[in-house]
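4 protein chains.
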Amino acid sequence: MPRKPVVAIIGTGREIESAISNARELGRLIAEQGWVLITGGRNAGVMRAANEGAKSAKDCLTIGILPNRNTEVSPAVDIAIVTDTGEARNNIIVLSAEVVIGVNGTGTASEVALALKNGKNVILVGVDETSKSFFERIAKNAVHLAGSASETIEKVRELTDQ
Amino acid sequence: MPRKPVVAIIGTGREIESAISNARELGRLIAEQGWVLITGGRNAGVMRAANEGAKSAKDCLTIGILPNRNTEVSPAVDIAIVTDTGEARNNIIVLSAEVVIGVNGTGTASEVALALKNGKNVILVGVDETSKSFFERIAKNAVHLAGSASETIEKVRELTDQ
Amino acid sequence: MPRKPVVAIIGTGREIESAISNARELGRLIAEQGWVLITGGRNAGVMRAANEGAKSAKDCLTIGILPNRNTEVSPAVDIAIVTDTGEARNNIIVLSAEVVIGVNGTGTASEVALALKNGKNVILVGVDETSKSFFERIAKNAVHLAGSASETIEKVRELTDQ
Amino acid sequence: MPRKPVVAIIGTGREIESAISNARELGRLIAEQGWVLITGGRNAGVMRAANEGAKSAKDCLTIGILPNRNTEVSPAVDIAIVTDTGEARNNIIVLSAEVVIGVNGTGTASEVALALKNGKNVILVGVDETSKSFFERIAKNAVHLAGSASETIEKVRELTDQ
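These protein sequences, in sequence, are chains A, B, C and D.
Residues in the first sequence are numbered from 1 upward in steps of one, following our numbering.
Residues in the second sequence are numbered from 1 upward in steps of one, following our numbering.
Residues in the third sequence are numbered from 1 upward in steps of one, following our numbering.
Residues in the fourth sequence are numbered from 1 upward in steps of one, following our numbering.
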């Protein structure tokens with residue numbers, strides 16, 4: 001039996017309404033496909049919303065890659081991986097995912113750039129032109145844009161051959 | 001719903017028959033309790049045996065914390081976390097588990113010591129007196145010995161209040 | 001006696017002529033101020049050039065933060081710190097420096113973003129408008145531009161109160 | 001010009017008198033040979049003592065590999081490398097040293113074991129028989145005992161061909 005696709009959602013820990021609403025819907029849709037959701041696992045912002053969205057589906061699995069041993073983990077995370085490596089845990093998130101979804105906001109610039117540098121496909125949801133141009137110069141063919149959560153899921157499917 | 005207990009099995013990547021047979025039975029029993037198994041994830045020795053043992057149970061979940069991006073992962077690992085931190089990934093294994101089981105062999109000395117230093121309970125299976133004395137001086141009350149796989153499971157149950 | 005300022009130069013490992021020439025001059029000037037140079041330490045591109053430049057000054061000290069245990073280290077690195085954490089070693093570089101200098105090229109996007117996220121001042125040498133706009137949105141007041149190596153050194157001096 | 005030997009001293013952060021006095025003398029002697037001292041860098045116990053000892057020599061260089069960005073660093077550390085990887089920074093210490101000196105106390109068991117596992121020579125100062133037997137089973141030929149600081153320095157010299 002092949003391993004299930006692992007999909008990362010990255011985004012800000014701040015409570016930005018549009019990002020949170022996007023993340024919640026993406027989490028739900030990822031879980032409904034039977035895929036595994038991986039995030040930074042904190043009980044805040046995009047991370048919490050994505051995991052809570054996933055929990056609205058049956059049989060979902062959510063993995064949280066926590067920065068530190070004292071990090072408050074989202075209750076919607078099933079498996080908490082305690083890295084104790086601070087920001088360096090972003091390297092672990094992007095390396096462990098097949099596809100990385102970046103939810104709007106520049107808070108994720110280093111993670112998106114890291115994912116591209118590591119040869120991962122990144123789907124950006126709700127980004128502006130400056131970010132798009134910037135990231136495309138790092139790895140043109142690995143940057144994908146999506147206007148909605150359902151379009152994002154379609155792109156994940158294409159990119160992972162599901 | 002409370003999070004399921006996550007139990008780590010650590011042990012050598014070499015093919016030592018007694019260690020492998022212990023690991024396989026422990027993996028199976030952990031999965032049968034509905035617990036989550038976490039290991040170093042490599043396709044070798046104790047890691048492979050523990051994951052394969054777990055796969056003989058229905059509905060098990062196995063997490064592999066891989067040292068590098070090129071590590072060959074055991075096919076019996078459900079979720080591969082790619083840390084790219086080499087030996088430092090042992091810190092992540094012990095921090096992410098509630099209880100750590102060390103399967104016989106001195107190859108795991110640094111991991112066992114690390115787990116004790118991090119305040120984790122460690123159950124040692126099949127260790128000799130020198131190792132026992134040594135580890136008890138690091139953290140006397142956190143070192144537990146077990147003579148068999150079923151005894152190990154009983155101790156995990158006590159230590160995690162299952 | 002106060003600790004000497006530690007200044008990081010980050011940049012591509014590829015052999016891009018303008019970047020290499022900038023890095024070599026910056027390395028020399030940093031060493032001539034009596035500051036400590038920290039880089040990724042590899043024997044390639046900007047890293048090698050910066051360390052070689054530093055070695056043309058008397059009494060310089062060069063620290064290389066290596067990604068892996070097998071990395072080929074620049075002979076111009078005095079102290080090689082072997083992290084074995086791959087790309088995550090960039091976190092260590094930016095956290096260990098007072099000021100981070102990014103030499104032209106988009107290969108350093110994740111490092112620059114990481115430095116800004118960690119509250120470090122970053123001086124960008126030879127960047128274009130897209131990169132500038134992009135990074136300024138992460139931390140407007142921490143992004144500094146310099147047109148030449150000597151201007152870069154002036155900015156380091158201001159930012160570190162030397 | 002060949003790189004100077006880098007020698008690690010590892011030991012407890014607690015204030016144990018015999019360990020501290022050993023560490024101080026070792027730090028001084030290492031610096032007097034013109035070698036570079038590397039430690040965990042904290043302002044406590046063996047780490048502080050070793051760095052302070054080194055500072056009593058002229059032209060010494062002390063490197064501290066700090067666990068976290070908020071760690072209080074010993075004022076006697078010249079170059080502070082901020083890893084933000086918690087206990088995992090021990091991997092970096094042992095990989096960056098040519099020889100590792102373990103000062104008495106079991107607090108260093110995981111670091112000593114890690115050093116041996118990574119193929120490093122370890123000199124143990126003031127250890128008891130249990131520890132000695134235990135470590136010799138990990139890597140018999142890489143465990144060296146020394147009864148005094150000067151004997152330790154002699155062994156470092158042999159092991160690094162100085």
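Even for Gly, the Cβ is constructed at its ideal location relative to N, Cα and C.
Values in this document were obtained by computation on a predicted structure and should not be read as measured data.
query                                                                                                                     : result
Close beta carbons around VAL103(A), own chain, < 6 Å, minus the five adjacent residues each side                         : GLY11, ALA19, ASN22, ALA23, VAL46, VAL125
From ASP78(B), GLU158(B), GLU98(B), residue whose alpha carbon lies closest to that of VAL184(A)                          : In the structure as shown, chain A begins at 1 and stops at 162. Residue 184(A) is therefore absent and cannot be evaluated.
Within-9 Å CB hit, GLU87(B) to chain D                                                                                    : yes
ALA146(D) - containing beta strand (DSSP E), residue span                                                                 : 143-146
Collapsed DSSP secondary structure at ILE16(A) in the structure displayed                                                 : coil
SER131(B) burial status per 10 Å Cβ neighbour count (16 or more: buried)                                                  : buried
Segment contact, 8 Å Cβ cut-off, at least three pairs: the segment 133-140 of chain C with the segment 127-147 of chain A : yes
Under the three-state DSSP convention, the category ALA49(A) falls into                                                   : helix
THR160(B) versus LEU114(D): straight-line alpha-carbon distance, rounded                                                  : 28 Å
TRP35(D) versus ALA31(C) - alpha carbon distance                                                                          : 21 Å
Other residues of its chain near THR123(A): CB distance less than 6 Å, five sequence neighbours each side excluded        : What sits at residue 123(A) in the sequence shown is Ile, not Thr. For ILE123(A), where only same-chain residues beyond five positions count, the Cβ hits under 6 Å are ILE101, HIS144, ALA146, THR152, LYS155.
Chain F contact for ASN68(C) (CB, 9 Å cutoff)                                                                             : Chain labels in this structure do not include chain F; the protein chains are A, B, C and D.
SER56(A): contacting residues in chain B (beta-carbon distance under 8 Å)                                                 : Those within 8 Å of SER56(A) in chain B number zero; the least Cβ separation is about 14 Å.
DSSP state of VAL156(C) mapped onto helix, strand, coil                                                                   : helix
Beta-carbon gap between GLY27(B) and ASN51(B) smaller than 9 Å                                                            : yes
Chain A within 9 Å of ASN121(C), Cβ atoms only                                                                            : no
Residue from SER74(B), LEU29(B), ASN70(B), SER56(B) with nearest C-alpha to ILE63(B)                                      : SER74(B)
For SER150(B), the nearest candidate out of LEU29(B), ASP78(B), PRO5(B), VAL7(B) (CA to CA)                               : LEU29(B)
Which listed residue (THR108(A), ASN141(A), LEU116(A)) has its alpha carbon closest to that of GLY40(A)                   : THR108(A)
Proximal residues of chain C, C-beta to C-beta of ILE101(D) below 8 Å                                                     : Neighbours of ILE101(D) on chain C: none; closest Cβ ~18 Å, over 8 Å.
Nonlocal neighbours in the same chain, by C-beta distance under 7 Å from ASP84(C), ignoring five residues either side     : ASN68, ARG69
Minimum Cβ-Cβ distance from ASP84(C) to chain B less than 9 Å                                                             : yes
Proximity test, Cβ basis, 9 Å: SER133(B) and chain D                                                                      : yes
For ALA80(A): DSSP bridge partner residues                                                                                : GLY64(A)
Residues that LEU124(D) bridges to, as DSSP identifies them                                                               : GLY102(D), LEU145(D)
Euclidean distance between Cα positions of GLU111(C) and GLU25(D)                                                         : 40 Å
ARG69(C), DSSP secondary structure in three states                                                                        : coil
ALA8(D) versus GLU87(D), ASN91(D), GLU15(D), SER148(D), residue with shortest Cα-Cα distance                              : ASN91(D)
Through-space distance from LYS140(D) to ASP128(D), alpha-carbon basis                                                    : 16 Å
GLY119(C), buried or exposed, once every other Cβ within 10 Å from all chains shown has been counted against 16           : exposed
Own chain residues within Cβ distance below 6 Å of VAL94(D), not counting five before or after                            : VAL100, LEU114, ALA115, ASN118, LYS120
Proximal residues of chain C, C-beta to C-beta of ASN118(A) below 8 Å                                                     : GLU87
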